[in-house]
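Number of protein chains: 2
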Amino acid sequence: MKSELNDLAAFAVVATERSFTRAAARLGVTQSALSHTIRNLERRLELQLLARTTKSVAPTSAGAALLKSLSPALEQIDRALNEVRTARDRPTGRLRLAVSKSAALSVLLPKLPAFAAAYPEVVLDVSTCTGQVDLVGGGFDAGIQLEEFIQKDMIAARVTPELRLAAVASPGYFAARSLPLNPRDLSAHNCIGLRLPGGPYRWEFEKGGVPVTITVTGPLVVDDTSLVIQGALTGLGIGLAYEDQVAGYIDQGKLVRVLEDWSPSFPGFFIYYPGRRHQSAALSALIRALRVT
Amino acid sequence: MKSELNDLAAFAVVATERSFTRAAARLGVTQSALSHTIRNLERRLELQLLARTTKSVAPTSAGAALLKSLSPALEQIDRALNEVRTARDRPTGRLRLAVSKSAALSVLLPKLPAFAAAYPEVVLDVSTCTGQVDLVGGGFDAGIQLEEFIQKDMIAARVTPELRLAAVASPGYFAARSLPLNPRDLSAHNCIGLRLPGGPYRWEFEKGGVPVTITVTGPLVVDDTSLVIQGALTGLGIGLAYEDQVAGYIDQGKLVRVLEDWSPSFPGFFIYYPGRRHQSAALSALIRALRVT
DNA sequence: TAGGACCCATGAGCTGGTTTCATGAAGAGC
DNA sequence: GCTCTTCATGAAACCAGCTCATGGGTCCTA
Chain W
901 MKSELNDLAA
911 FAVVATERSF
921 TRAAARLGVT
931 QSALSHTIRN
941 LERRLELQLL
951 ARTTKSVAPT
961 SAGAALLKSL
971 SPALEQIDRA
981 LNEVRTARDR
991 PTGRLRLAVS
1001 KSAALSVLLP
1011 KLPAFAAAYP
1021 EVVLDVSTCT
1031 GQVDLVGGGF
1041 DAGIQLEEFI
1051 QKDMIAARVT
1061 PELRLAAVAS
1071 PGYFAARSLP
1081 LNPRDLSAHN
1091 CIGLRLPGGP
1101 YRWEFEKGGV
1111 PVTITVTGPL
1121 VVDDTSLVIQ
1131 GALTGLGIGL
1141 AYEDQVAGYI
1151 DQGKLVRVLE
1161 DWSPSFPGFF
1171 IYYPGRRHQS
1181 AALSALIRAL
1191 RVT
Chain E
901 MKSELNDLAA
911 FAVVATERSF
921 TRAAARLGVT
931 QSALSHTIRN
941 LERRLELQLL
951 ARTTKSVAPT
961 SAGAALLKSL
971 SPALEQIDRA
981 LNEVRTARDR
991 PTGRLRLAVS
1001 KSAALSVLLP
1011 KLPAFAAAYP
1021 EVVLDVSTCT
1031 GQVDLVGGGF
1041 DAGIQLEEFI
1051 QKDMIAARVT
1061 PELRLAAVAS
1071 PGYFAARSLP
1081 LNPRDLSAHN
1091 CIGLRLPGGP
1101 YRWEFEKGGV
1111 PVTITVTGPL
1121 VVDDTSLVIQ
1131 GALTGLGIGL
1141 AYEDQVAGYI
1151 DQGKLVRVLE
1161 DWSPSFPGFF
1171 IYYPGRRHQS
1181 AALSALIRAL
1191 RVT
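Structure, rendered in structure tokens:
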């Protein structure tokens, strides 16, 4: 790590100030310290950068040439640091998010208009992802997923209350069939399957603390929950979807809910991110906007 | 001098390598040291720059933005450093010289063709100066002057052997006048005066260890020794010039030398520069090319 | 699934570089 | 001539940064 960057910065100040004393004051160190620093720098470079007599200090040709390329670079770094500091203090810049499709629809979109209005300088760069994502490896700042898909050692904040799944089908589908009263009855039904990255989703139910897992069959398997709902609406069979996504259809009578007493609740969606310390203002703002206690 | 430039450089390496271990190897330090460094940097900036899990490291959005402005600046600094190192090892670049007119003519010019051929990458930026010059204050790398005009605490190297002055006039001038045999005889002659920055030059002679200083008068006073010679050639009177500058005219019979036994020798010209350590290759080359033992 | 390889984090402790202090030399100004 | 300012230098103190040792965690493999 033995880099001479700090010494170069010191040199730049001395060269522009043309005085060790003034430069030392600007840098907040002793003149003596600066003298040693420059001396060491010159010793390591084996080249004199500053010519000095008792009455004046000026860069040599070599020093002047160095300063010419050095100072714009140092200024650029200074600008970059200031930008970073504003990113810390004022919500600005891009946030890369890994979000499940469902969460994008039910969590993010509803709150986006207010968020965008409040923080016009923030750009949300959303990638829809299914299953577990390597947040850091993918270069994401945060993710919104079901709790079970959240990687270890992440900080998570709840963004939905507990959720429940609802098994639904169209009234037309049930016209010729009996309603299932027990999850095991589903084996006699057409069920719309959901494919997860790890394989087909096995439907999970629970009643009185007794969990039941069912492998379902049917005419359609998809990898997107909104397609499940569409399939149910068209009468293909029974689909499993988030309660609040189908509540409207149930109210309108377009879907019929079954096995409600068997549907367990589960923790719902969380926004999560690596590292608790020092988030950018943009990320903090997003978490504040989305989180529910 | 508490600058975080070194830490920023370390951050840049980690961010591009996307690994603390590899970055540490590249920087020649322990992975542990890097971890501490980045941690401190983030603490001081109060902003997380690198997201890390046990299996991957990647810049956060803020870190990526910082890196984007940082890396070109760091590369530029690196290039600048390399240029400086070549300036040390290979004669390159500009040398700013403060040279008296006479020295430029009699010392520099004769050796310039060979020097320029040997070191095509060196540019000599010559300012002709009379009298004592503030080398450092003027931003010069070196000067060539008479010994008496060289500032204190300078390193000096002889570039001419001892010089002598010659009092000369045209044969036509002496046709109607008697030759001076003693400096005091000059008061009866037309003498071409030389004006130095500090006032008129009072002609100095010496014989047998006895110095004599004469204030001369005449129809012409100039501030440039080549004009003195021109004046003498046109028969205006007696001029004082460096022996070797008028030797040719004397051989050709265009000038006549007088008071030769009274003309003292003096140390001649020196190239001088501030600071003995770590000269640039260009300056070393120039000194080597000019110096005489 | 147990073990090994690898990676990052953390705390303690030490080391060496950086800073300060004190002093000296040299010029500028009054 | 005296004082003030500036830069250089050596010695000593201090502290930042490094290393060492260790721990937790993931991934790969047998």
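Read top to bottom, the protein sequences are chains W and E. 901 is the number of the first residue of the first sequence in this note's numbering; add one for each residue after it. 901 is the number of the first residue of the second sequence in this note's numbering; add one for each residue after it. By construction, the Cβ of each residue, glycine as well, lies at the ideal position given by its N, Cα and C atoms.
Apply the 10 Å Cβ neighbour rule to residue i and answer buried if 16 or more other Cβ atoms are within range, or exposed otherwise.
i	result
R939 of chain E	exposed
Q1145 of chain W	buried
P1071 of chain E	exposed
A1014 of chain W	exposed
L1079 of chain W	exposed
A987 of chain E	buried
S1165 of chain W	exposed
G963 of chain W	buried
T1113 of chain W	exposed
G1168 of chain W	buried
L927 of chain E	buried
For chain W, is any of its Cβ atoms less than 9 Å away from the one on residue i?
i	result
T921 of chain E	no
H1178 of chain E	yes
P1164 of chain E	no
E942 of chain E	yes
T1117 of chain E	no
N906 of chain E	yes
P1111 of chain E	no
V1192 of chain E	no
V1068 of chain E	no
Y1173 of chain E	yes
Taking the continuous alpha helix (DSSP H) assigned at residue i, which residues delimit it?
i	result
S935 of chain E	Q931 to L945
L1086 of chain E	Looking at the DSSP string, L1086 of chain E is not in any alpha helix (DSSP H), and its letter there is neither H nor E.
A1181 of chain E	A1181 to L1190
R1077 of chain E	Careful: R1077 of chain E lies outside any alpha helix (DSSP H) and carries neither H nor E.
V1116 of chain W	It is not in any alpha helix (DSSP H) - V1116 of chain W carries neither H nor E in the DSSP assignment.
Q1130 of chain E	T1125 to L1133
I1044 of chain W	Here I1044 of chain W belongs to no alpha helix (DSSP H); instead the beta strand (DSSP E) covers A1042 to L1046.
E1143 of chain E	E1143 to D1151
F1015 of chain E	L1009 to A1018
I'd like to know whether the C-beta of residue i is nearer than 9 Å to at least one C-beta of chain E.
i	result
L966 of chain W	yes
G993 of chain W	yes
L1133 of chain W	no
V1026 of chain W	no
Q1045 of chain W	no
A1189 of chain W	no
D1124 of chain W	no
Locate the beta strand (DSSP E) running through residue i, then write down its first and last residues.
i	result
S1027 of chain E	V1022 to T1028
F911 of chain W	Counting along the chain, F911 of chain W falls outside any beta strand (DSSP E), though it belongs to the alpha helix (DSSP H) covering L905 to E917.
V984 of chain W	From DSSP, V984 of chain W is part of no beta strand (DSSP E) but of the alpha helix (DSSP H) over S961 to D989.
L927 of chain W	Premise fails: L927 of chain W lies in the alpha helix (DSSP H), F920 to L927, not in any beta strand (DSSP E).
L950 of chain W	L950 to R952
R1177 of chain E	That residue, R1177 of chain E, is in no beta strand (DSSP E); it is neither H nor E in DSSP.
F1105 of chain W	W1103 to K1107
V1158 of chain E	V1156 to V1158
L1063 of chain W	L1063 to A1069
V1036 of chain W	Where V1036 of chain W is concerned, there is no enclosing beta strand (DSSP E), given that its DSSP letter is neither H nor E.
G993 of chain E	G993 to V999
Return the residue from the list the options that minimises the CA-CA distance to residue i.
i	options	result
T960 of chain E	W:L1133, W:L1009, W:L1035 and W:P1080	W:L1035
T954 of chain W	E:P1010, E:Q1051 and E:T953	E:Q1051
A1075 of chain W	W:N1082, W:Q1032, W:G1135 and W:R1058	W:G1135
F1049 of chain E	E:Y1019, E:V1033 and E:P1111	E:V1033
L966 of chain E	W:H936, W:S971, W:P1061 and W:V984	W:V984
R990 of chain W	W:Q1179, W:T1193 and W:V1192	W:Q1179
A1132 of chain E	E:T992, E:A1018, E:P1083 and E:Y1073	E:Y1073
A1069 of chain W	W:I1150, W:S903 and W:F920	W:I1150
R1058 of chain E	E:A923, E:D907 and E:I1187	E:I1187
A1141 of chain W	W:S1006, W:V957 and W:N982	W:S1006
R1177 of chain E	E:G1137, E:M1054 and E:K1107	E:M1054
I1138 of chain W	W:T930, W:K968 and W:D1085	W:D1085
S1020 of chain E	E:S969, E:G993, E:T1030 and E:T1028	The sequence shown places Pro at residue 1020 of chain E, rather than the Ser named in the question. When only C-alpha atoms are compared, the closest one is E:G993.
Should the region 1170 to 1184 of chain W be regarded as contacting the region 1091 to 1109 of chain W, the criterion being three or more beta carbon pairs within less than 8 Å?
Segments in contact, no.
Does the region 1028 to 1047 of chain E come within contact of the region 1156 to 1175 of chain E, defined as at least 3 CB pairs closer than 8 Å?
By the criterion of at least three beta-carbon pairs nearer than 8 Å, the region 1028 to 1047 of chain E is in contact with the region 1156 to 1175 of chain E.
Count Cβ pairs between the region 1154 to 1170 of chain W and the region 1011 to 1024 of chain W that sit closer than 8 Å; are there 3 or more?
Contact between the region 1154 to 1170 of chain W and the region 1011 to 1024 of chain W is absent, with fewer than three C-beta pairs closer than 8 Å.
Is it a yes or a no for the region 985 to 1002 of chain W touching the region 911 to 923 of chain E, going by three-plus beta-carbon pairs under 8 Å?
Touching, no, given that fewer than three Cβ pairs across the two stretches are closer than 8 Å.
Looking at C-beta atoms only, is the number of pairs between the region 1083 to 1093 of chain E and the region 1112 to 1125 of chain E that lie closer than 8 Å three or more?
Three or more Cβ pairs drawn from the region 1083 to 1093 of chain E and the region 1112 to 1125 of chain E lie within less than 8 Å of each other, which places the two stretches in contact.
Should the region 942 to 952 of chain E be called in touch with the region 944 to 951 of chain W, which here means at least 3 C-beta pairs below 8 Å?
No: fewer than three Cβ pairs fall under 8 Å.
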